[in-house]
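A.B. asks:
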Amino acid sequence: MEVDCKRIEELEKVFSANHYNGSGNTAFRIEEGSVPIMLSAPHAVNHFRDGKLKAADCYTGGIARYLRELTGCSIIYSASFTETDPNYDSPKAGGYKESLKAYLKTHPVYLLMDLHGAAREREFAVEMGTAPRKRKEDASLLQYPFVDDVIKAILEEKFLFLNTEKKNISKNVFLPQKIKIR
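Sequential numbering of the sequence shown, starting at 23, is according to the working numbering.
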């Protein structure tokens, strides 16, 4: 299957409008899908982090919308500039995480994935991160059967590097209580 880059560019226009401040009249949008997978693009437009302007992760919104068209997954994305970082600030700041939590409580989502950009100087293009465990009994992604499928797909598609460093990926992480992985 060929990726339709022109379609992704077309879908990205709502985010790239106004120098990546977006063209939405709401801070974020949720588009319901028909399969139990949800993608999140919290940095699809410019936003503030720690009082400083942080540039959008370009094309994450367009890619999320494109994957929704192809797969029927649900998506949530930042639609217009805000003074909060939906993935970094308190869950109550801006409403992104709270709305995501409410959506997950009322919809059968079994896999939630965040899409983020990576600087060109990084040694990776794809990163799978899990929150550092605070207790030994905390669940690990490795106990879920879908992880085998994800790793096989990555290897079959010949991704050159898969970074699993934990860094600060879990700061203010939202871990939904009701999600069940089969």
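Heads up, the beta-carbon is just placed ideally off N, CA and C, and yes, glycines get one too.
Per DSSP, what kind of secondary structure is R29 in: helix, strand or coil?
C.D. replies: Position 7 of the sequence shown, counted from the start, is the residue given in the question as residue 29. In the structure shown, R29 sits in a helix (DSSP, three-state: H, G or I).
A.B. asks: If you check the beta carbons only, do G84 and F37 fall under 8 Å apart?
C.D. replies: Mapped onto the sequence shown, residue 84 falls at position 62. Mapped onto the sequence shown, residue 37 falls at position 15. It is a contact, given that the beta carbons lie within the stated cut-off.
A.B. asks: Sorted by chain position, which residues of the same chain lie with C-beta nearer than 8 Å to A86's C-beta, five sequence neighbours on each side aside?
C.D. replies: What you label residue 86 is simply residue 64 of the sequence shown in a count that begins at 1. So the qualifying residues of the chain are L61, S62, A63, A66, I97, Y99, L137.
A.B. asks: Quick one: using the 10 Å Cβ neighbour count with 16 as the cut-off for buried, is L92 buried or exposed?
C.D. replies: Position 70 of the sequence shown, counted from the start, is the residue given in the question as residue 92. Label assigned to L92: exposed.
A.B. asks: Going by alpha carbons, who is nearest to K28 out of Y81, K114, G117?
C.D. replies: Sequence index remark: in the sequence shown, residue 28 carries index 6 (1-based). Comparing Cα-Cα distances from K28 to each of Y81, K114, G117, the minimum goes to Y81.
A.B. asks: Could you tell me which whole alpha helix (DSSP H) segments of length 4 or greater appear in the segment 69 to 105?
C.D. replies: The qualifying runs are 82 to 93.
A.B. asks: Could you please give me the residues that DSSP links to R51 through a beta bridge?
C.D. replies: Locating residue 51 in the sequence shown gives position 29, where the first residue counts as 1. Answer is Y99, bridged to R51.
A.B. asks: Distance cutoff 8 Å, beta carbons only. Does K114 sit that close to anything in chain C?
C.D. replies: Absent here is chain C; the protein component of the structure consists of one chain.
A.B. asks: Going straight from the alpha carbon of L75 to that of K119, what length do you get?
C.D. replies: Within the sequence shown, the letter at position 53 stands for residue 75. Within the sequence shown, the letter at position 97 stands for residue 119. When rounded, the distance between both Cα atoms is 20 Å.
A.B. asks: Mind checking K180: buried by the 16 CB within 10 Å criterion, or exposed?
C.D. replies: Here residue 180 corresponds to residue number 158 of the sequence shown, with the count starting at 1. Because K180 sits at a pLDDT of 47, beneath the cut-off of 50, its placement in the model cannot be relied upon, and the point is left open.
A.B. asks: Can you check whether the CB of S102 is closer than 8 Å to the CB of G55?
C.D. replies: Mapped onto the sequence shown, residue 55 falls at position 33. Mapped onto the sequence shown, residue 102 falls at position 80. No, the pair does not count as a contact, with Cβ atoms beyond the cut-off.
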